[in-house]
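Residue numbers (our numbering): 850 to 1473.
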Amino acid sequence: MELNTFISKKRIIFFVGILLLFTGMLITKYAKAMLIAEPEPRPISKPRERGSILDRNGKILAAATTLYNLSANKSLIEDANRLANILSPIIETSETALLDKIQNSKSNFLYLKKKLSENEKDIVKDAIQDYGLKGLRLEAVSTRIYPENDLASTLIGYLGDDGKGLAGMEYSMQNVLSPPEGTAGAEESGFTVFLTIDASIQYMLQKIAEQTMKNSQAEAVIFLAADAKTGEILAYVNEPSADLAHFSASTEAERFDRPAYFMYEPGSVFKIFSMASFLDLGSTQDSAVYTCDAQFLFNPRQQQEKGPNVIRCLRVHGRVTPRDIIRFSCNDGLAQIADKTDAAAFAEKLRTFGFGKKTGIELPGEAAGIFAPVSSWSARTKHTISFGQEIGVTSLQIMQAATAFTNKGKTLKLSLLSEIRDASGKTVHRHRPKPLAQVVSAETAKTVLGYMQTAADDGTGSRASIKGVPIAVKTGTAQMAQADGRGYSATDYLSSCIGIFPVDDPQVILYLAVIRPVGQTYGSLIAAPAISEAANAIIDYRGMGRTNAPNVSHTGIIKQNRQTPVVLGTTMPNLIGTPKRLLLDLLMRTDITVKLTGDGYVASQSPAAGTPIAKGMIIELTLE
């Protein structure tokens, strides 16, 4: 009875009334908040300045600047037509487009224009105040200017609309360039990052790469330079590349980081790592002699195993030493050495060089390459890997592995980061060379370097030679795999060349890869001349002396006892040492072009011995 008395009709009506009253007050307050005119825009505060990116010599590659985004709250705009009419000439957007953007926006919040300059921001701000425009907001955004446009753009990277790095060093150094609030030394601005690249060398190699790409009609070109003593990258060229000043207009191909991401079969360049492994494992000796008849036959491991059981050479090289194998890029001779090498030991050597794993360079998303375990190898895998097939590498891996030849058999970790300084200019980090693994002995490293010099002197790498400075060279021509992974393409090749100089005291490593050239595909003809041009430019730029330094091996011209004029068959013969008088009949040929330079005896030739003779080809012979 007491409970029924408490819950009376009057009490219920009273409580319902109170509830309705409070609900009405809340609704009214919310409606006023939505409809009331937006207060005057607050002062625009600039965010903390992002640190700059410089080259090793202090040249500015990326610097902070502040731009402004103009946003709108659609629900607070009083007259969209009037707003569009006033703003369109200021932000350089048609009145119709601006009005459509406002009216068709599914969200109340939208951006009317991003990245306004300081001057544009001031004009917009004045218009908001003078015309009483409601629902607009200006926000400062930290962004970048890139004074060198496309120079090293792949390496530098770029920023997103939120001011955070999305690629390259802008991404990997995000917490250095823009450290968290409260970081010591970054109270006013982020840290300054000095890269290892030299902008001048970068520019020279980038121009050479562009010309190489144009001449060969290639899809892309990679060109890297590194300090042979420290592992510091001096140039990081990737063509085509994006113009950072107009990044939004760039294509996917221009944004793709090929040195770090692109995996490929390296071809004959890889022979220097295989030969070093074989020498160090005792599979061969410097004095060993092999007979090349242009093909090496072996028996499949299992009867049901399919595929050819022959390794072919471009030509018959006859009796060859390990030096000759590198000099002439002899597949047959190398396969013979590989055949008697333990597969597991060989694989372990190559992994110690760094193949099959990331270099750990300061870049995001680096590829590890492709290196199958020995347990999955076929009967021919160790043979084909020895000359750069059945293995996937990156250009960075090739460069890092090559440091073993310049540091007494021990590899060095590659680096793109030279120095970091805080806002006061104090150095908080400086690169120090980081040795990785003793891959081969110092003697083996020196021996292979000598083999490579022979290749430059009068072998397949002769077009990469330079005057006054001894250079070690190895070229490569790799048939690329089909897009579907089923065999090799009949038209797609990767032409490459590596150069190390000076041989007696290595200072610089160069590596060039030309992807899918059209027409001529041999690395000795496409990549080697670019290596020579780049090496000459760097030598002059650095003031390196040009002397008649002693060669690791004999490189003098051996005059041949040829008594009859040269007659071309199906492949290019070795013409080194041939007197000019026996070459004159070649000039009468109409199906090919022969260019003779100089007098006396043939000192260098292009193409190299063993190259198939093709209609319309150009043969260049330099005589001394």
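C-beta: ideal position from N, C-alpha, C; glycine also.
Assuming residue i contacts residue j (C-beta within less than 8 Å), just tell me the rounded distance between them.
i: G1218; j: V1242; result: 5 Å
i: Y1300; j: R1107; result: Wrong, their Cβ atoms sit about 28 Å apart, outside the cutoff.
i: K950; j: L961; result: 7 Å
i: I1269; j: V1318; result: That belief does not hold up - the Cβ atoms of I1269 and V1318 are roughly 34 Å apart, past 8 Å.
i: G1184; j: I1160; result: For clarity, residue 1184 is Ala in the given sequence; the question names Gly instead. Confirmed, Cβ separation roughly 4 Å.
i: V1070; j: I1349; result: Their Cβ separation, rounded to whole angstroms, is 20 Å, which puts V1070 and I1349 out of contact at 8 Å.
i: V1322; j: A1377; result: 7 Å
i: R1164; j: T1140; result: Not confirmed; about 13 Å, so no contact.
i: S1038; j: T915; result: Incorrect: roughly 12 Å between the Cβ atoms, too far for contact.
i: S1235; j: A1187; result: 4 Å
i: L948; j: N930; result: 7 Å
Cβ atoms of residue j and residue i: under 8 Å apart, would you say?
i: I1347; j: I1247; result: yes
i: V1297; j: D1076; result: no
i: A1457; j: S1373; result: yes
i: K1316; j: R1438; result: no
i: I1005; j: L1093; result: yes
i: E1114; j: G1237; result: yes
i: R1229; j: F1147; result: yes
i: T1446; j: L1472; result: yes
i: G1116; j: S1345; result: yes
i: K1262; j: G1209; result: yes
i: K1444; j: I1425; result: no
i: A1058; j: L1000; result: no
i: I939; j: I909; result: no
i: G1080; j: P1282; result: yes
i: E927; j: A913; result: no
Work out the CA separation of residue j and residue i for me, nearest whole Å.
i: G1308; j: H1166; result: 12 Å
i: E1036; j: S1273; result: 10 Å
i: K1259; j: A1253; result: 5 Å
i: T1045; j: L1266; result: 5 Å
i: A989; j: A1084; result: 34 Å
i: S901; j: S1027; result: 10 Å
i: I1462; j: G1418; result: 7 Å
i: Q1055; j: R1312; result: 20 Å
i: T942; j: N934; result: 10 Å
i: S1390; j: P1222; result: Residue identity check: residue 1390 is Tyr in the sequence provided, not Ser. Cα-Cα distance, rounded: 44 Å.
i: I1050; j: Q978; result: 51 Å
i: S1225; j: D1191; result: 15 Å
i: A1386; j: M1393; result: 10 Å
i: R891; j: E1101; result: Low local confidence applies: a pLDDT of 48 at R891 is under 50, so the model's placement there is unreliable, and no value is given.
i: F1122; j: N998; result: 37 Å
i: K1464; j: T1420; result: 12 Å
i: E969; j: L925; result: 23 Å
i: F1043; j: R993; result: 16 Å
i: S1453; j: L1470; result: 6 Å
i: D1440; j: Y1337; result: 30 Å
i: D985; j: E944; result: Correcting the residue type first, residue 985 is Leu in the shown sequence and not Asp. Distance between the alpha carbons of L985 and E944 is about 16 Å.
i: A1250; j: G1203; result: 6 Å
i: N1256; j: N918; result: 52 Å
i: P1351; j: L987; result: 58 Å
i: L1431; j: S1290; result: 45 Å
Does DSSP put residue i in a helix, a strand or coil?
i: L1199; result: helix
i: I1349; result: strand
i: H1232; result: helix
i: A1098; result: helix
i: P1284; result: strand
i: M1329; result: strand
i: P1108; result: helix
i: F1395; result: According to the sequence provided, residue 1395 is Arg. The question's Phe does not apply to it. Coil.
i: F1040; result: coil
i: P938; result: helix
i: R1477; result: Here the chain covers residues 850 to 1473 and nothing more, so residue 1477 does not appear.
i: T1260; result: strand
i: A1067; result: coil
i: L965; result: strand
i: R931; result: helix
i: Y1300; result: helix
i: D1010; result: coil
i: R1270; result: strand
i: R1365; result: coil
i: R897; result: coil
i: T1420; result: strand
Please confirm whether any heavy atom of the ligand HEM lies closer than 7 Å to the CB of residue i.
i: I1375; result: Looking for the ligand HEM in the displayed structure turns up nothing, as the structure carries no ligands at all.
>> For the structure I just gave you, are there three or more beta carbon pairs, one from the segment 1182-1201 and one from the segment 1116-1134, closer than 8 Å?
In response: Taking 8 Å as the limit for Cβ pairs, the verdict is that the segment 1116-1134 does touch the segment 1182-1201.
> Does the segment 1015-1033 come close enough to the segment 1203-1213 that 3 or more CB-CB pairs lie under 8 Å?
Replying inline: Short answer: they touch.
>> With three or more beta-carbon pairs closer than 8 Å as the criterion, would you say the segment 1093-1103 touches the segment 998-1014?
In response: In this structure the segment 1093-1103 lies against the segment 998-1014, because at least three pairs of beta carbons, one per stretch, are closer than 8 Å.
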